[in-house]
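Engineer:
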Amino acid sequence: MHRPGEMRERALDVTVAEGYGNAVIGVREGAQVHLDVRLESLHDGILVSADVDTIALGECVRCLDDVSLPIEVEIQELFAYSVDEAFDYTVVGDHVDLEPLVRDAVVMSLPFQPVCRPDCPGLDPETGERLADFPDRKPREVIDPRWSALAGLQLTEQDVEGSAVADAAAADREKRS
Numbered sequence: 000m001h002r003p004g005e006m007r008e009r010a011l012d013v014t015v016a017e018g019y020g021n022a023v024i025g026v027r028e029g030a031q032v033h034l035d036v037r038l039e040s041l042h043d044g045i046l047v048s049a050d051v052d053t054i055a056l057g058e059c060v061r062c063l064d065d066v067s068l069p070i071e072v073e074i075q076e077l078f079a080y081s082v083d084e085a086f087d088y089t090v091v092g093d094h095v096d097l098e099p100l101v102r103d104a105v106v107m108s109l110p111f112q113p114v115c116r117p118d119c120p121g122l123d124p125e126t127g128e129r130l131a132d133f134p135d136r137k138p139r140e141v142i143d144p145r146w147s148a149l150a151g152l153q154l155t156e157q158d159v160e161g162s163a164v165a166d167a168a169a170a171d172r173e174k175r176s
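Residue numbering for the sequence shown follows numbering that gives the first Met the number 0, beginning at 0 and increasing consecutively.
As structure tokens, this is what we get:
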């Protein structure tokens, strides 16, 4: 403290006391978080740079399979010596509390809707079975009953060709008259 230019590096393995994240995905209580921390003393405070590595556990939002995602986050923050509105974090006594900083960085890096793989097909809406277990089966297309009256108006390819021939014949007749 109060020695501008001095620097220390530490490697820490910390156990998470309270889980980070939400019910879908997060770093669970008791998980290990690895920190490579660099503390640099500046005139105004201590600059903390850290690489955070951990594993987030959750479930795929499409098929509900378990998901395990590696989380790697880089953080850098100034812990000020004086309590001032311009700084979010301060040095208390001779210590910097990294827990809120690490928690916020990890939570912000979590995916909003985690998936087991990018092309996960999800669940069958009728049976609830995983579509990945049955790659040949496609979900049945259900037509909204409000559109059922229009189903009879669909034209086939022959109808379109026949209509084009009839239109050409009618145009020919008009030219002659």
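No residue lacks a Cβ here, since even glycine has one placed at the ideal position from N, Cα and C.
Check the DSSP bridge columns for LEU77 and list the partner residues they point to.
Structural biologist: As a first step, residue 77 is located in the sequence shown; it is residue number 78 there, counting from the start. For LEU77, which the question treats as bridged, DSSP gives the partners LEU46.
Engineer: Identify the continuous alpha helix (DSSP H) that holds LEU177 and give its terminal residues.
Structural biologist: Because residue 177 is not part of the residues shown, which for the chain are 0 to 176, the question remains open.
Engineer: Does DSSP put LEU41 in a helix, in a strand, or in coil?
Structural biologist: Stepping through the sequence shown from its first residue, residue 41 is reached at position 42. Coil, per DSSP.
Engineer: Ignoring anything shorter than 3 residues, give me the beta strand (DSSP E) runs that lie fully in the stretch 3-35, in order along the chain.
Structural biologist: 6-14 and 24-26
Engineer: Comparing C-alpha positions only, which one of ILE24, GLY29 and ASP96 sits nearest to ALA16?
Structural biologist: Looking up residue 16 in the sequence shown gives position 17. Minimum Cα distance to ALA16 is reached at GLY29.
Engineer: I believe ILE70 touches SER108 by the beta-carbon criterion, under 8 Å. Please report the beta-carbon distance rounded to the nearest angstrom.
Structural biologist: Taking the sequence shown and counting its residues from 1, the one referred to as residue 70 is at position 71. Taking the sequence shown and counting its residues from 1, the one referred to as residue 108 is at position 109. About 6 Å; that satisfies the 8 Å criterion.
Engineer: Could you compute how far the alpha carbon of VAL114 sits from the alpha carbon of ASP64?
Structural biologist: Walking along the sequence shown from the start, residue 114 turns up at place 115. Walking along the sequence shown from the start, residue 64 turns up at place 65. If you take the alpha carbons of VAL114 and ASP64, they lie about 9 Å apart.
Engineer: Express the C-alpha separation of GLU125 and PRO134 in angstroms, rounding to a whole number.
Structural biologist: Walking along the sequence shown from the start, residue 134 turns up at place 135. Walking along the sequence shown from the start, residue 125 turns up at place 126. A direct Cα-to-Cα measurement between PRO134 and GLU125 gives close to 16 Å.
Engineer: Strictly by DSSP, which residues pair up with VAL60?
Structural biologist: Along the sequence shown, read from residue 1 onward, the residue named residue 60 stands at position 61. Looking at the DSSP assignment, VAL60 forms no beta bridge with any residue, so it has no partner.
Engineer: Checking 8 Å against the spacing of the C-beta atoms, do LEU56 and ARG27 come in under that value?
Structural biologist: Start at 1 with the first residue of the sequence shown, and residue 56 comes out as number 57. Start at 1 with the first residue of the sequence shown, and residue 27 comes out as number 28. Cβ distance < 8 Å, so LEU56 and ARG27 count as in contact.
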